[in-house]
Each structure stands twice: as C-alpha cells, then as structure tokens.
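Mapping of the sequence shown onto the numbering used here: residues 30 to 397, in sequence order. Note that beta-carbon positions come from the ideal geometry of N, C-alpha and C, so glycine has one too.
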Amino acid sequence: GPLGLIGFLAVVSVPLWRAVSRHPVLPSTKAKQHEPTFTKAIIPFVIIISAALLLIRPILSPIPPVSTFEEKYAAVIVLYVFPVIVFIVGFLLLTGALISSKAEYVNIAAAGLFCACVGLLIHNLIDFAIFEPSVFTTFWAIMACLIALGSHQKTEGQFVHEPVLFTKVLVAAGGLFFIWAYFNYAFVPAAKAGENVKMAMQGIGYTHEYLTRASKDDPLDPSPLNMNGRLYLQEYNETKNKQSLEKAAACFLSAIERNKADFKNYEKLSHVYSLLGDTDQAYKWGLEAAKRYPGSGRLQFNLAEIAESMDKTTVAVGHYKETVRIEEEYRRQFRQMYPERVIVSRLGDEKYKKAKQKIDSLSRQPVI
C-alpha cells in the first residue's frame, strides 16, 4: 500500500538525487567520530526489521489455501522471504554510500548510469513491467553501480548540527501521529472490510449483511458495493424480483461515488437500467463506461443495441461501426504480434458478424 510505495520511491529517488546533487558532502571530523556507532547500529536495525517482517507479515497476510506442501513452501518463499531480501538489499543500497569512501568519482559514467535508470523507469512503469525479474534485476544492478560511483566523490566536509530536544520530541510525535493515523484510517478499516468480505463468501444467507458492513468499515473501497450489486443482479436472474434491480442500482451508484474511474460499475449500472426498461439511463451510463474504456468493442456493441431499441438508427449505426473498427484494429494487431496463431476474437465472432450485418441493414433504413 502507501507505505510500500513510499519505501520504493525512497530506494529509487534518494540514489538518483545523490547522483545529480551538485555538491555532495562527506561527514566532518566530528561526524566521523560517530561513524563506527552508525555502522554498528545498522546490523541490529536490519535484524530487528527483518525479524518483524518475517513474524508480522504471516499474521497480516496469511498464506492462501494450498493443496500440497510444495505450493505452501513456494508461498512462504514468495510472500515472506523475498520481501525481507528486498528490504535488506534496498537498505544496504541506501546506506552503502554513507559507510564507504574510496576511489574516484566518474562524472561521465554517473551521467550514463543516471540516464539508464531514468530510461528504464520511463519505459517499464507501464503495467508494472518494472517488477519483471529481468527488468528488476537490471535496474537494481545499474542503481548499485550508480550508488557505488556516488559514494566515492571527494568533497568538502560539512558542519554537524545536533538537533535540540524540541526537534527530537516534534519528530517523535510526528512519527507516532503518522502511525496512529495509518492504523486508524487505513489499516484497521481495510482489515475489517476484508474480514467481512471473507465472511460474506462463506456465510450463506448473510452475504448482503456482511458486504454492507464491509462497505461501511472501509468508506473508500468500492469493491464490497460492486460485489453486493452483482449479487443482487444474480438474485434477479433467479427470482425476477424488481426490488433486486433497484438495490443493485443503488450499490453500483455508491461504488461509482467511491471510484469514478472504473468503467465496470458504469457498465453494470447501464445493464441494470436496461433490465428495468429505462433506456435513457441505460444509454447515459453506458456512454460513461465507454468514455472510461474507449478501446472496448463490447461497450460500443451494448450502446448500439440500446440506441437501436430507442429507435435512434443513426446513433446505433455509429456505435456498430465503432465496434467493428475496434475489433478489426485488435485483429490486425493480434496478427502482427502472433502471425502463426489463430486469431482469438476479443468481441466474439457472433457479435462481430452481427455488428457488420446491422451496419448494412440499418444503413438502408430511413434516417432517424
């Protein structure tokens, strides 16, 4: 979550900032007197944090159900051991420059490595590609080289400023306040909501009650509302009770209030209004979904069917044409990427053919 993002940004930004800093400084004579103490403090600090990660993470993030010992062993390695290794490596990268100062600083090499790091970040911060093992390994190898170069620059000493008692108290109070705010407003609500969602998956007959509790526990998370709305839709398919649709609409509207960027809630809401027979609202929310996912042929196809049911022939033809355009563009790209494989339609052959037939038949009708 936010803490992980802060840690990742710190590990990336601090070395880059040191590399571009025009006047990096080395500790003064007084500061060097405390260097052994700092070096000795690193070891117990790393041990304590690593032990905390190993002990606390299994409590906060238990291993999902697995069927074999090998799967459980792999889960322990990935979920608990790897984060500790990443922490130790990242911590040593950040502190390495503070406890080593031999050799000379090479400006040209540092500039090249800096550009390589930035280029890797720009190119691979798409779809979390930065976390692919090969990319991640390459990135941290370059970052380590950059830190190693930056740690050997010879510069003037700096003054040692020992903070006053008020500053220490202020920093400690700020840290305690941050921890309290994180647990009170982020960790505890999310944990309670997650537990209620888990109970909803298991508690037959009380599912709606648990999902409602989960939505109240975490007022920022739209997923319990989305799940509750889909459950009401499923109940409508079985019972044809109109009240289920009204409750589903209320759930999806509340989910949209919490996350206005997710197209799925708009799409579900459009479907609910279609079932209720309110085509104007169905078309309105369908448009909102398409705005947030303009590359979806499915959403355009749904809009075309709604517009056709409203006797808006010209509008329907436009959506059918957009459906075909998106699907054909996808097929062209698929053929480029996988020339030897059979094309897999994202829209579906049946809807694709129907859209082309509708364009032909509706274009012959009088313009409405």
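Can residue i and residue j be called in contact, C-beta distance under 8 Å?
i	j	result
Ala284	Pro248	no
Ile372	Val346	no
Phe292	Ala318	yes
Val217	Leu240	no
Phe330	Leu376	yes
Ala140	Leu178	no
Ala277	Tyr302	no
Val75	Phe111	no
Val113	Leu150	no
Ala384	Val353	yes
Leu45	Cys146	yes
Ala80	Ile92	no
Leu328	Tyr322	yes
Tyr312	Ile335	yes
Ile171	Phe165	no
Gln394	Thr342	yes
Ala210	Asp246	no
Lys101	Val95	yes
Please classify residue i: does DSSP put it in a helix, a strand, or coil?
i	result
Glu369	coil
Phe228	Just to set this straight, residue 228 is Met in the shown sequence, not Phe. Helix at Met228.
Tyr381	helix
Tyr322	coil
Ser96	coil
Val193	coil
Lys131	Note on Lys131: pLDDT 47, under 50, position unreliable in the model; no value is reported.
Ile155	coil
Met339	coil
Pro31	helix
Leu376	coil
Leu149	helix
Arg393	coil
Asp309	helix
Leu249	coil
Ser303	helix
Ala290	coil
Ser79	helix
Pro91	coil
Determine the burial state of residue i: buried for a count of at least 16 other Cβ atoms within 10 Å of its Cβ, exposed for fewer.
i	result
Leu154	exposed
Asp4	Beyond the ends of the chain as shown, which are 30 and 397, falls residue 4; an answer cannot be given.
Gly326	buried
Leu32	exposed
Trp314	buried
Ala243	buried
Asn257	buried
Ile72	exposed
Asp378	exposed
Phe143	buried
His152	exposed
Tyr265	buried
Phe168	buried
Val198	exposed
Ile77	exposed
Val193	exposed
Identify which residue in the options has its Cα closest to the Cα of residue i.
i	options	result
Ile85	Pro44, Ser299, Tyr109 and Ser325	Tyr109
Val115	Tyr367, Phe157, Trp46 and Gly36	Gly36
Pro350	Lys341, Ala333 and Tyr359	Correcting the residue identity first, residue 350 is Lys in this sequence and not Pro. Here the closest residue by C-alpha is Ala333.
Ile88	Pro368, His348, Ala220 and Arg370	Ala220
Thr236	Tyr261, Ala215, Tyr214 and Asp246	Tyr261
Leu254	Tyr322, Tyr295, Glu379 and Val147	Tyr295
Glu356	Arg287, Met339, Glu369 and Lys380	Lys380
Asp307	Lys320, Ala290 and Leu274	Leu274
Determine the extent of the alpha helix (DSSP H) in which residue i is found, giving its start and end residues.
i	result
Phe281	Lys271 to Arg287
Asn257	Ser252 to Thr268
Glu161	Here Glu161 belongs to no alpha helix (DSSP H), and DSSP marks it neither H nor E.
Tyr109	Looking at the DSSP string, Tyr109 is not in any alpha helix (DSSP H), and its letter there is neither H nor E.
Asp246	Thr236 to Asp246
Taking Cβ positions only, does residue i come closer than 8 Å to chain C?
i	result
Leu376	Of the protein chains in this structure there is only one, and it is not chain C.
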